[in-house]
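In the working numbering, the protein residues as written are 1176 to 1441.
In this text, a Cβ means the ideal position worked out from N, Cα and C, and glycines have one as well.
Treat the numbers as computed from the prediction; the structure is a model and nothing was measured.
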């Protein structure tokens, strides 16, 4: 189903009373989550999945919002739920965890970070993302998506799973606005706040993505009720490369909460 105009566009899989909200990454749309979401719903009793299009993306491409407002918008759609985010979506979920704690019952963060530590790092990233936004506006979505998918970050993603067709439904204006408003440089670091949050958190990264393995380890050692899982032989887009493994980790974590009563790593 599609959301009313005042909400972010979304669709729902399943009809159970326990919602799971899936939040995609930059240049993706909600469709990138369908394979994982269907598997998770099948494995978590009485659950349903809500897949959301973020501002600037998919059927929400006319919506413009910074990351804090985006976090509010996803919880407005999803209500009290387990929130599952990848990359950009992971950062949005972390903001929701801090700013809308009553809505986020559990959080799954895949290839995510709680922010850049110093103002200098953030300023550098804002400048880089501005150049990237200008690049999108100059060459258009198709050429940019091809450049984006050619990055080493996505070298392990099979052509059949890279979501190119779905990414091309985005617009240059929507993606550029997303970069300018929700890029990592715009994000207030959340590490200190995470240390005070007792909400269960699952941090996932692909073993081939060393940078985000380090971020995931830091998340798992910062948040008091956090668990770390590393997906073997997968890079940044872990949910596209190994959807079954990612789904299995999420299912096991949700359905076996006592197994994760203290922070664990693997």
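Grouping DSSP H, G and I as helix and E and B as strand, with all else coil, what is residue i?
i: residue 1270; result: helix
i: residue 1181; result: Reliability fails at residue 1181, whose pLDDT of 47 lies under 50, so the model's placement of it is uncertain and no value is given.
i: residue 1197; result: strand
i: residue 1284; result: strand
i: residue 1279; result: strand
i: residue 1438; result: Note that residue 1438 scores 47 on pLDDT, short of 50, meaning its location in the model is unreliable and no value can be drawn from it.
i: residue 1176; result: In this predicted model, residue 1176 has a pLDDT of only 35, less than 50, meaning its place in the structure is not dependable; the value taken from the coordinates is given anyway. Note: residue 1176 maps to coil in three-state DSSP.
Mind reading off the beta-carbon distance from residue i to residue j? Whole number of angstroms is fine, and I expect it under 8 Å.
i: residue 1196; j: residue 1257; result: 7 Å
i: residue 1235; j: residue 1229; result: 6 Å
i: residue 1222; j: residue 1261; result: The Cβ separation is near 19 Å, so there is no contact.
i: residue 1264; j: residue 1344; result: No, residue 1264 and residue 1344 are not in contact; Cβ-Cβ is about 17 Å, not under 8 Å.
i: residue 1405; j: residue 1259; result: Wrong, their Cβ atoms sit about 17 Å apart, outside the cutoff.
i: residue 1183; j: residue 1219; result: About 23 Å separates the two Cβ atoms, so there is no contact after all.
i: residue 1415; j: residue 1336; result: 5 Å
i: residue 1358; j: residue 1301; result: 7 Å
Thinking C-alpha only, which one of the options is nearest residue i?
i: residue 1214; options: 1431, 1379, 1184 and 1417; result: 1417
i: residue 1284; options: 1210, 1267, 1314 and 1212; result: 1267
i: residue 1393; options: 1407, 1279 and 1369; result: 1369
i: residue 1273; options: 1433, 1427 and 1366; result: 1366
i: residue 1364; options: 1330, 1247 and 1295; result: 1295
i: residue 1430; options: 1281, 1324, 1330 and 1209; result: 1281
i: residue 1193; options: 1279, 1309 and 1374; result: 1279
i: residue 1305; options: 1423, 1211, 1209 and 1360; result: 1360
i: residue 1231; options: 1422, 1316, 1300 and 1332; result: 1316
i: residue 1211; options: 1324, 1251 and 1423; result: 1423
I'd like the list of long-range same chain contacts for residue i, defined as Cβ closer than 8 Å, with 5 residues on each side in sequence excluded.
i: residue 1277; result: 1255
i: residue 1384; result: 1286, 1328, 1409, 1410, 1411 and 1413
i: residue 1311; result: 1319, 1347, 1350, 1351 and 1354
i: residue 1216; result: 1188, 1189, 1191, 1195, 1222, 1223 and 1224
i: residue 1362; result: 1242, 1266, 1270, 1290, 1291 and 1297
i: residue 1397; result: 1289, 1366, 1369 and 1370
i: residue 1387; result: 1286, 1287, 1288, 1380, 1381 and 1411
Residues in the same chain with beta-carbon distance under 6 Å from residue i, minus the five sequence neighbours each way, listed in chain order, please.
i: residue 1207; result: 1199 and 1338
i: residue 1241; result: 1356
i: residue 1341; result: 1204 and 1206
i: residue 1381; result: 1406, 1409, 1410 and 1413
i: residue 1376; result: 1282, 1398 and 1401
i: residue 1373; result: 1399 and 1400
Check whether the Cβ of residue i sits closer than 6 Å to any heavy atom of the ligand NAD, and report yes or no.
i: residue 1315; result: What this structure holds is no ligand at all, so the ligand NAD is not there to describe.
Once the 5 residues before and after residue i are set aside, which same chain residues still bring their CB inside 7 Å of it?
i: residue 1201; result: 1262, 1263 and 1353
i: residue 1246; result: 1267, 1270, 1271, 1274 and 1275
i: residue 1419; result: 1214
Taking 7 Å as the CB-CB limit, is residue i close to chain B?
i: residue 1253; result: Within the model displayed, chain B is absent; a lone protein chain is all it includes.
Exercise for the section: Give, in chain order, every unbroken run of the beta strand (DSSP E) that is at least 3 residues long and sits entirely within the stretch 1356-1429. Expected result: 1376-1381 and 1401-1406
Practice task
Ignoring anything shorter than 4 residues or poking outside the stretch 1215-1261, list the alpha helix (DSSP H) runs there in chain order.
Solution key: 1242-1253
Practice task
Taking only runs that begin and end inside the stretch 1297-1356, name each unbroken alpha helix (DSSP H) of 4 or more residues, in chain order.
Solution key: 1316-1324 and 1339-1342
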